[in-house]
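K.L.:
Mind looking over this structure? Questions follow.
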Amino acid sequence: AAAEPVEQDLAGLSILISAGGTREPLDPVRYLGNRSSGKQGYALAQVAAARGAKVTLVSTVDLDTPEGVDVQRVETADQLREKVLGAAVDVIIMAAAVADFRPARREAAKIKKTFDPAHPDDAPTITLVRNPDILAQAVQARGTADWPVLVGFAAETGDAGHTVLEHARAKLARKGCDLLVANEVGEDITFGKDTSTVYLLRADGGPEATVGPADKRQIAAAVLDAVRDLITVRRS
Ligand code: CTP
Ligand code: CA
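In the working numbering, the protein residues as written are 11 to 246.
This is the structure in structure tokens:
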């Protein structure tokens, strides 16, 4: 039987989605990375394309290319930044886990275990520098314009002072994006898993929503519903 036709409710929209964790090189063979699998970003790209959007997926990982999606590979936050800030699109969804810091130096040659023959038991100290905050720069570049719609993701853990939701509300206010998708993370939750629970927080004061536990495809659909609703409000 033919597959059920998907409603083309995102037709005419161009969407850039970032996916995966950035890799910040230390030397030609090593990098600082994180546990992001990229699955949520790929699910977003797949669902958005199926619903008629023109989708560019800027990715640090090699998962199967979703049908109809233009995939562009990057490694570092700096490379991702160039793609994101250089894009002329209606919507930017920052699902990537961007490293906050990178090694200050990328050594041209592999770092050797014994790097100072006078002190054979020494270990090197790696100095880090801050990476650009891509989402914050996109917010700044937009200024007072309505476009592009900007969506952030936040992986949060609760702590003694605040719940996951409290951290997420503060982050939404701090970031200045239109929508924040927050999920709780921990050793056993979310990373690399196929299901999770997320909160959708809107900057326009619209209702907060909880989605899940649901698979990443269902979460993607709910995020894209929220984006579509924001755009409907913005255009009216
Ligand atoms: N982000 C970004 N550039 C960075 C860091 C994060 O664009 N250098 C984006 C992420 O892609 C995500 C959002 O900002 O959409 C929130 O990322 P997160 O790491 O949760 O926020 P931070 O502001 O880095 O705060 P912290 O890590 O201290 O919680
Ligand atoms: Ca961060």
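Glycine included, C-beta positions come from ideal geometry on N, C-alpha and C. Quick caveat, the model's predicted, so the values are computed rather than measured.
1) Where are the alpha helix (DSSP H) runs, 4 residues long or more, that stay fully inside the stretch 77 to 121, in chain order?
2) What's the C-alpha gap between E218 and L26?
3) Mark P158 as exposed unless 16 or more other C-beta atoms lie within 10 angstroms of its C-beta, in which case mark it buried.
4) Since V191 and V233 should fall inside the 8 Å C-beta cutoff, what is the C-beta to C-beta distance between them, to a whole number of angstroms?
5) Bridge partners of I25, per DSSP?
6) Tell me where the beta strand (DSSP E) around A192 begins and ends.
7) Going along the chain, which residues of its own chain have a beta-carbon closer than 6 Å to the beta-carbon of K226, five neighbours each way excluded?
8) Return the CA-CA distance between A151 and K93, expressed in angstroms with no decimal places.
9) State the Cα-Cα distance for the pair G186 and A12, rounded to the nearest angstrom.
10) Take A133 as the anchor and find which of N141, T124, V139 has the nearest alpha-carbon.
11) Mapping the DSSP letters down to three states, classify R40 as helix, strand or coil.
12) On a Cα-Cα basis, can you pick out the residue from L182, E14, D110 that is closest to R140?
13) Leaving out the 5 sequence neighbours to the left and right, which residues in its chain are closer than 6 Å to A107 when beta-carbon positions are compared?
14) I'd like the span of the alpha helix (DSSP H) that includes L54, first residue to last.
15) Could you check whether P142 and R91 sit closer than 9 Å to each other, using their CB atoms as the reference points?
16) When DSSP labels each residue in this structure, what does T75 get in the three-state scheme?
17) Whole angstroms is fine: what's the gap from Q82's alpha carbon to T135's?
18) What's the C-alpha gap between V39 and R116?
19) Could you tell me if the beta carbon of N193 falls within a distance shorter than 8 Å of some heavy atom in ligand 1?
20) Kindly indicate which residue of A87, D126, A180, D188 has the alpha-carbon position closest to the one of A155.
21) Quick one: does the C-beta of D88 sit closer than 8 Å to a heavy atom of ligand 1?
P.N.:
On the basis of the data shown:
1) Whole alpha helix (DSSP H) segments, 4+ residues: 87 to 95.
2) 24 Å
3) Flag for P158 reads buried.
4) The C-beta distance from V191 to V233 rounds to 6 Å, short enough to fall under 8 Å.
5) V65, V101
6) 189 to 194
7) K49, Q50, A53
8) If I take the Cα positions, the gap works out to 14 Å.
9) 43 Å
10) Selection N141, T124, V139 evaluated against A133 yields T124 as nearest (Cα-Cα).
11) strand
12) Selected option, being the one with the closest Cα: D110.
13) G31, N44, S46
14) 49 to 60
15) Between R91 and P142, the CB-CB gap stays under 9 Å.
16) coil
17) 33 Å
18) 11 Å
19) No heavy atom of ligand 1 is found nearer than 8 Å to the CB of N193.
20) Each of A87, D126, A180, D188 was checked against the Cα of A155, and the nearest Cα belongs to D188.
21) no
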